[in-house]
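Protein chains in written order, with my numbering: chain A, 1 to 177; chain B, 178 to 354.
We put the CB at the ideal spot given by N, CA and C, even for glycine.
Following: one structure in structure tokens, then a few remarks.
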DNA sequence: TTACCACCTGGGAATAACTACCAACTAAAA
DNA sequence: TTTTAGTTGGTAGTTATTCCCAGGTGGTAA
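See the structure below:
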């Protein structure tokens, strides 16, 4: 109880259905148009069980929308991440960074300036303590990335989530003209 | 005590000096030639405080070795990682992967087949529980990647560390010719 | 139902971050 | 000093992703 657990198949099925149903409303709420491309991409993403890459989603969506472009897929996935409707599993994906310190430690990344700092996190090292297996998997290592906003970036007034705000469609009220 | 802690400057200084001093012996032990390029790269890496990218290390090494090639820098850094003399901070760097499941969860990556699985890790979620700050940093999120070898890959006899073994220079003993 | 327009899309070109290849070079064993 | 496996540098890919912009379209207001 309280230990690591894989998420069940059944849970996933219900979760996806709910998310798909709410998608249109969510877009409208955010001032985004509900285009066939966006719907196709969120569906492909929600029905995927393999954490697909952008090009894999592109290939799947193309079965229904042969004219969709790869650019649209990349752009839309990025938007979904900004909206909080998807997660990018790759961390620090803008090129590998190297660390000469090979003692056990973890990393703190400032989402503003992309600087990386070393940190010791004994709790993290104990995370999967005295386990060799996790289900059918042989445990090798456990990596932790703590995302923060450094003092410098906070003062510069960077948005605190690392998510760029999108422009809202102007609400056409009785005010003007 | 036992909580998150940044590694001290002083510690780093001594650590680097020791690692630099041991480097030659380590290479010989591994059957690797001690070339000026390798020495320059390990020095640049050990003296770096910023988790540099390969091209940054290239730029720094070039100040002393104007003829070194970027290819050598990439190759050498990769070797250092294989030898365990460096760490690559970027996880899953072969392209972003997307996840439609935005509930709090973490990822298990099989280093053999690169498949990604979702996992709930309440311990990880509690890791930085009831903290808003970590030193001068504002905490945003804490991401965990558990690296494993899945049953399938284990049976296929994949090397269990994700590190390719290097060919040893044959020990020229009295045996032949 | 129509008109409008800010938003959205597709396609090609550009970029960044590697990676492969191979001929020339060199560390180090003998 | 000789030999040679191991190493390097330069060039030419490749892969993943982003930029740009002309043309298309969802959604609001009339």
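| Check | Outcome |
| --- | --- |
| Is the CB of residue 90 of chain A under 7 Å away from at least one CB in chain B? | yes |
| At 4 residues or longer, and completely inside the segment 259-292 of chain B: list those alpha helix (DSSP H) runs for me, N to C. | none |
| Leaving out the 5 sequence neighbours to the left and right, which residues in its chain are closer than 6 Å to residue 108 of chain A when beta-carbon positions are compared? | 117, 119, 146, 148 |
| Could you give the distance in angstroms between the alpha-carbon of residue 331 of chain B and the alpha-carbon of residue 60 of chain A? | 30 Å |
| In whole angstroms, what is the alpha-carbon distance linking residue 200 of chain B and residue 134 of chain A? | 36 Å |
| When DSSP labels each residue in this structure, what does residue 348 of chain B get in the three-state scheme? | Here the model assigns residue 348 of chain B a pLDDT of 26, short of 50, so the residue's position is not dependable, and the following value carries that caveat. Coil. |
| With a 10 Å radius around its C-beta and 16 neighbouring C-beta atoms as the bar for buried, classify residue 277 of chain B as buried or exposed. | buried |
| Less than 7 Å between the C-beta atoms of residue 305 of chain B and residue 316 of chain B, yes or no? | yes |
| By the 10 Å Cβ neighbour count, where 16 or more other Cβ atoms means buried, how is residue 290 of chain B classified, buried or exposed? | exposed |
| Measuring CB to CB, does residue 98 of chain A end up less than 7 Å from residue 263 of chain B? | yes |
| Would DSSP call residue 319 of chain B helix, strand or coil? | strand |
| What do you get for residue 16 of chain A, buried or exposed, if any count of 16 or more other CB atoms within 10 angstroms of its CB means buried? | buried |
| Excluding sequence positions up to five away, which residues of its chain have a Cβ less than 6 Å from the Cβ of residue 162 of chain A? | Residue confidence for residue 162 of chain A is low, a pLDDT of 37 falling below 50, so the modelled location carries little weight and cannot support an answer. |
| Quick one: measure Cβ to Cβ for residue 84 of chain A and residue 279 of chain B, integer angstroms, because I've assumed they're closer than 8 Å. | 6 Å |
| Does the beta carbon of residue 107 of chain A come closer than 7 Å to any beta carbon on chain B? | yes |
| Measuring only the C-alpha atoms, how far is residue 214 of chain B from residue 242 of chain B? | 8 Å |
| Can you have a look at residue 33 of chain A and say buried or exposed, based on whether 16 or more other CB atoms are within 10 angstroms of its CB? | exposed |
| For residue 301 of chain B, which residues from the same chain have a beta carbon less than 7 Å from its beta carbon, with the 5 sequence-adjacent residues on both sides left out? | 283, 319, 321 |
| Can you give me the C-alpha to C-alpha distance between residue 166 of chain A and residue 39 of chain A, rounded to a whole angstrom? | Reliability of the predicted coordinates at residue 166 of chain A is poor, the pLDDT of 28 falling under 50, and the value obtained from them is presented with this limitation in mind. Roughly 19 Å separates the two Cα atoms. |
| Once the 5 residues before and after residue 76 of chain A are set aside, which same chain residues still bring their CB inside 7 Å of it? | 37, 38, 41 |
| Indicate whether at least one CB of chain B lies closer than 7 Å to the CB of residue 127 of chain A. | yes |
| Around the Cβ of residue 19 of chain A, are there at least 16 other Cβ atoms within 10 angstroms (buried) or fewer (exposed)? | buried |
| Can you check whether the CB of residue 151 of chain A is closer than 7 Å to the CB of residue 309 of chain B? | no |
| Count the other CB atoms, across all protein chains shown, that sit within 10 Å of the CB of residue 190 of chain B; report buried if there are 16 or more and exposed otherwise. | exposed |
| Where DSSP assigns a beta bridge to residue 295 of chain B, which residues make up the other side? | B/284 |
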